[in-house]
Amino acid sequence: MPPSLSLSSIHWVQGSHPALCGEIVRWHGLYYVKGLGWNPVFEALCSEQLGEIAQHFGVRNDVTAFSAWRGEEFLAALVMDARPGEHPGARMRFVIAADAARGQGLGNELMTRAMTWSEARGDSQVWLTTVAGLAASSHLYAKFGFKLVDEHADRTWGDEHREQLWIRTAPTRS
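Next comes the structure, spelled out in structure tokens:
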């Protein structure tokens with residue numbers, strides 16, 4: 010496990026931040042392509058899809074990012090996209106943490122911020138797609154009320170993987 014991060018040294022950002030897109034793509038490449046041996050097509054597709062979404066940061070109120078930084082050092086991020094899509098509600102995408110941030114509780118804080126944003130918007134649900142085998146991620150999603158609703162073989166990212174769909178229904182308002 011990496012050395013502990015001082016939570017007081019973390020700067021939390023909602024929306025765009027210099028180098029955010031580059032860091033998200035970089036860490037996806039390091040984790041999935043280099044670390045897990047995925048096809049480099051994955052990194053290229055991440056770059057393309059994130060670039061399309063990032064054009065709307067600060068322009069639309071249905072697209073944002075949440076990220077954690079220590080000075081100029083990227084620690085973790087996720088992107089929320091509530092534009093009309095495959096499923097109702099907001100889609101959570103590009104969830105990633107730098108090596109130094111894994112296991113430090115930053116995922117909990119990012120998820121809390123993202124779910125608060127979605128609930129304030131009145132989204133009926135939050136959904137995400139991921140791949141099977143990411144135990145820490147699956148644990149985090151389940152902790153925040155996401156349910157695994159589908160799993161199937163998929164080649165979207167270049168090589169065949171078990172694609173999963175997780176959905177969290179918004180809490181009922183009293």
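In our numbering, the protein residues as written are 10 to 183.
Every residue gets a Cβ at the ideal spot worked out from N, C-alpha and C, and that includes glycine.
Owing to the predicted nature of the structure, the values given are computational and were not obtained by experimental measurement.
Whether residue i touches residue j by CB criterion (8 angstroms)
| i | j | result |
| --- | --- | --- |
| residue 137 | residue 77 | no |
| residue 36 | residue 168 | no |
| residue 135 | residue 101 | yes |
| residue 74 | residue 66 | yes |
| residue 83 | residue 32 | yes |
| residue 111 | residue 141 | no |
| residue 156 | residue 175 | yes |
| residue 63 | residue 119 | no |
From the options, residue whose alpha carbon lies closest to that of residue i
| i | options | result |
| --- | --- | --- |
| residue 94 | 44, 166, 154, 71 | 71 |
| residue 61 | 155, 90, 128 | 90 |
| residue 164 | 111, 126, 24, 139 | 139 |
| residue 130 | 153, 143, 98 | 98 |
| residue 28 | 151, 59, 15 | 59 |
| residue 149 | 166, 105, 127, 17 | 105 |
| residue 23 | 122, 49, 38 | 122 |
| residue 109 | 119, 79, 56 | 79 |
| residue 38 | 25, 55, 132 | 55 |
Terminal residues of the beta strand (DSSP E) in which residue i lies
| i | result |
| --- | --- |
| residue 110 | Here residue 110 belongs to no beta strand (DSSP E), and DSSP marks it neither H nor E. |
| residue 72 | 72-79 |
| residue 156 | 156-163 |
| residue 42 | Careful: residue 42 lies outside any beta strand (DSSP E) and carries neither H nor E. |
| residue 175 | 170-178 |
| residue 136 | 134-140 |
| residue 68 | Per DSSP, residue 68 belongs to no beta strand (DSSP E) and is neither H nor E. |
| residue 21 | 20-23 |
Per-residue burial, residue i [other beta carbons within 10 Å of its own, 16 or more giving buried]
| i | result |
| --- | --- |
| residue 158 | exposed |
| residue 113 | buried |
| residue 173 | buried |
| residue 87 | buried |
| residue 43 | exposed |
| residue 10 | Its pLDDT being 46, under 50, residue 10 is placed unreliably by the model, and nothing is read from it. |
| residue 177 | buried |
| residue 127 | buried |
| residue 16 | exposed |
| residue 107 | buried |
Residue i, enclosing alpha helix (DSSP H) - first and last residue
| i | result |
| --- | --- |
| residue 192 | For residue 192 there is no data in the structure shown, the boundaries of the chain being 10 and 183. |
| residue 83 | It is not in any alpha helix (DSSP H) - residue 83 instead sits in the beta strand (DSSP E) that spans 82-90. |
| residue 35 | 29-37 |
| residue 58 | 50-63 |
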